[in-house]
Amino acid sequence: MIDIQFIRDNAELVAEKSKQKGYSVDIAQLITKDNQRRELLSQVEALRQQRNVLSNANKGEKPTAAQINSGKAIKEKLSLLEIELETIDADYYKLLRQVPNIPTASVPVGSSEDENVVIGTIGAPTKFDFEPKSHAEIGETKGWIDRDRAAKIAGSRFVYLKGSIVQLQFAIIQWVMSVLTDEEILKTIIEANNLKVSAKAFEPVLPPAIVKTDAYKATGRLNEDEVTYKLAGDDEQWLNASAEHSLCNMYMDEILPADTLPRRYIGYATSFRREAGTYGKDMEGIIRLHQFDKLEMEVFSSPETGEEEHKFLIAIQAYLVGKLGLPYRLLQKCTFDIGFPNASGWDVEVWVPSQNKYRETHSADFMTDYQARALKTRVKNDDGNIVFAHTNDATAFALGRIIAFIIENYQTSDGNVRIPEVLKTYMGGREIL
RNA sequence: GGAGAGGUGGCCGAGUGGUUGAAGGCGCUGCUCUCGAAAAGCAGUAUGCCCUUACGGGUAUCGAGGGUUCGAAUCCCUCCUUCUCCGCCA
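Its first residue numbered 0, the first sequence is counted upward by one per residue in numbering that gives the first Met the number 0.
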């Protein structure tokens, strides 16, 4: 949610920025409801005051009939106004929640994903002196990916992953954990990118794979129609569509002392997505499945360091992909593409030989205080002031997809796949998958 | 899954219908005392929202939501959750 006071003071700006993100919001209507709400609220509170005065007047003694009658009169008036307030409240919050976050100044304005800006291209597209195969082809030949039997057991868009690539997945996990918990490595990334953040290590987390409705809604990421699976029965519970969805709400309704920030987490979770309406090349192999494993970074920080943490997470993503030896490019997403709760968003796209183009593997999302306001995650400063925290999340690796792209970029003419240098120690020193 | 007992402020803990936003203790902050510290004494110490330039005032919150009542932390209902025992299991 956005600060209502900010909307009152900057109605036109908010309307304009919402439009740039591709959302139409009736700010005028929101302001009207806000005024009505406050008017009614003061009436209700005045009545409640009368009620409190009356009931405090004769503590310990029996009230007179007259007192009871006037109490009853207040109660009747109050209940009518309270119902009215409830209705306006609902309208007000519904409108308020429709207002997306305001992009930061550096976000390019654009009206489609074509207007995302390529900030840098690192490494050249992999060259082969043979016709490269798709990861799906290689995976099937090697017996690494079995979609047919998974379809029989689980349905479409599930797989059995088998053999070496399973070990590869665990090698990636081990490597990422070792990088993100090593303050010396973090320091080198910070210095190389001229960032003003602490080198505090990330804490590894295995978060719940299931999220309750209220907690999920507060993240702003619950998408019932296209993404999120609801558990059967009466339980108000959903399957996690990303580790982020049970990480970002970890401190829901809490106030964090400023000197404990930033709090950085590296979460690992199996993620589930409906993927309604997707089609085409991405359906091949393991690029887009209903179930995949993901390493996700999440950072809670003070407002002062939120944007710098965002840059830090992007720098870490670049470090990780670079160390893996994959050709990639860095994309700053335009206003249209950054997403509803985002103030800024960047993607990493890795070169995919079989598709002859770069495909998204990572995204970094900076929410300013937008998500924290809905979650009521706050920071208590040393001077006692309380403000909303800033939240950042960023992919460390979406494992299915990154494995697919490693396979494609590291394939050899004899049909094998080399193991990236940084992962060899986690694969028993082997050279070939 | 079954049975029982709980959920009160940063923490412990009192409180079963009327100055209880909440005793008392701990912790924390400030002041007094001291060369300094400790001890002691005094004062302060939750969060949201509304009004207010400010000082301040109002209102709500005792796990969450609803109900009863002139009046609810206290009574009733539903849900969530913690602990203990049993069952089952990795």
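C-beta atoms are modelled at their ideal positions from N, C-alpha and C, and glycine is treated no differently.
Could you check which residue in the options has the C-alpha nearest to that of residue i?
i	options	result
valine 52	Ser69, Glu225, Ile313	Ser69
alanine 433	Pro256, His361, Ala56, Ala153	Since the first and last residues shown for the chain are 0 and 432, residue 433 lies out of range.
arginine 156	Ala275, Pro99, Ile254, Ala191	Ala275
tyrosine 92	Val116, Asp25, Ala104	Asp25
alanine 200	Ile405, Thr187, Asn193	Thr187
serine 241	Ala257, Asp258, Leu230, Gly266	Gly266
glycine 109	Arg372, Gly338, Gly138, Ala45	Gly338
proline 207	Glu183, Thr269, Gln166, Glu225	Thr269
histidine 389	Gly383, Asp381, Met366	Met366
methionine 176	Ala395, Arg429, Gly427, Gln97	Ala395
glycine 119	Gly414, Ala317, Gln370, Asp381	Ala317
valine 158	Ile171, Ile172, Gly138, Ala170	Gly138
valine 117	Gln290, Gly414, Glu359	Glu359
valine 320	Ile121, Ala56, Arg36, Leu12	Ile121
tryptophan 237	Glu225, Leu246, Tyr215	Tyr215
proline 340	Glu430, Gln97, Thr63	Gln97
leucine 246	Glu430, Gly232, Leu288, Ala371	Ala371
aspartate 224	Lys61, Met282, Arg273	Arg273
arginine 37	Leu80, Thr180, Asn355	Leu80
glycine 427	Gln166, Arg220, Asp181	Gln166
Can you list, in chain order, the residues of its chain with a C-beta nearer than 6 Å to that of residue i? Leave out the 5 residues immediately preceding and following it.
i	result
tyrosine 357	Arg328, Glu348, Trp350
lysine 20	Pro99, Thr334
valine 436	Because the chain in this structure spans residues 0 to 432, residue 436 falls outside the shown range and cannot be described.
tryptophan 345	Ile313, Gln331, Ala363
isoleucine 254	Arg377, Lys379
valine 416	Ile406, Tyr409, Gln410, Leu432
aspartate 336	Glu112, Asn115
proline 77	The sequence as given places leucine at residue 77; proline does not occur at that position. For leucine 77, where only same-chain residues beyond five positions count, the Cβ hits under 6 Å are Leu46.
leucine 84	Leu39, Val43
threonine 103	Ala342, Ser343
alanine 14	Ile26
glutamine 35	Ile87
tyrosine 369	Asn100, Pro340
methionine 296	Ile265, Leu312, Ala393, Ala395
glutamate 202	Tyr264
asparagine 192	Ala314
asparagine 55	none
Just to confirm before moving on: does the CB-CB distance between residue i and residue j stay below 9 Å?
i	j	result
proline 419	leucine 323	yes
valine 106	lysine 423	no
serine 301	valine 386	yes
leucine 330	asparagine 115	yes
histidine 244	valine 210	yes
glutamate 190	serine 353	no
isoleucine 3	leucine 39	no
isoleucine 73	glutamine 49	yes
lysine 310	leucine 194	yes
isoleucine 82	valine 178	no
serine 343	glutamate 306	yes
phenylalanine 271	threonine 218	no
proline 131	threonine 125	yes
isoleucine 101	tyrosine 425	no
isoleucine 164	leucine 95	no
aspartate 128	alanine 257	no
alanine 153	glutamine 290	yes
Spatial neighbours of residue i within its chain, please: C-beta separation below 8 Å, excluding the five flanking residues on both sides.
i	result
aspartate 213	Glu235
arginine 7	Ile30, Asp33
glutamine 168	Leu160, Asp292, Leu398, Ile402
alanine 123	Pro326
glycine 142	Lys161, Gly162
Might you give, ordered along the chain, the residues of its own chain that have their beta carbon closer than 7 Å to the beta carbon of residue i, omitting 5 neighbours on each side?
i	result
alanine 403	His134, Gly284, Ile285, Ile286
valine 421	Trp174, Lys322, Leu323
arginine 146	Val158
alanine 10	Ile26, Ile30
alanine 149	Phe157, Val158, Tyr159
lysine 18	none
leucine 288	Arg156, Phe157, Val158, Gly399
aspartate 413	none
- Query: At which residue ranges does the stretch 344–419 contain complete beta strand (DSSP E) runs of 3 or more residues, listed in the order of the chain?
  - Reply: If one requires a minimum length of 3 residues, the beta strand (DSSP E) runs lying completely within the stretch 344–419 are 356–365, 377–379, 385–387, 389–397, in chain order.
- Item | Touching by the beta-carbon criterion (3+ pairs, under 8 Å), the stretch 244–262 and the stretch 361–377 | Here the stretch 244–262 lies against the stretch 361–377, with 3 or more beta-carbon pairs under 8 Å apart.
- Task: Return the chain-ordered ranges of every alpha helix (DSSP H) run that is complete within the stretch 234–317 and spans a minimum of 4 residues.
- Result: Those alpha helix (DSSP H) runs which fall completely within the stretch 234–317 and span 4+ residues are 243–246.
- alpha helix (DSSP H) runs wholly inside the stretch 151–188, at least 4 long, in chain order: Runs found: 163–179.
- Message: In chain order, what are the residue ranges of uninterrupted beta strand (DSSP E) at least 3 long that sit wholly in the stretch 52–133?
- Response: For the stretch 52–133, whole beta strand (DSSP E) runs of length 3 or above, ordered along the chain, are 116–121.
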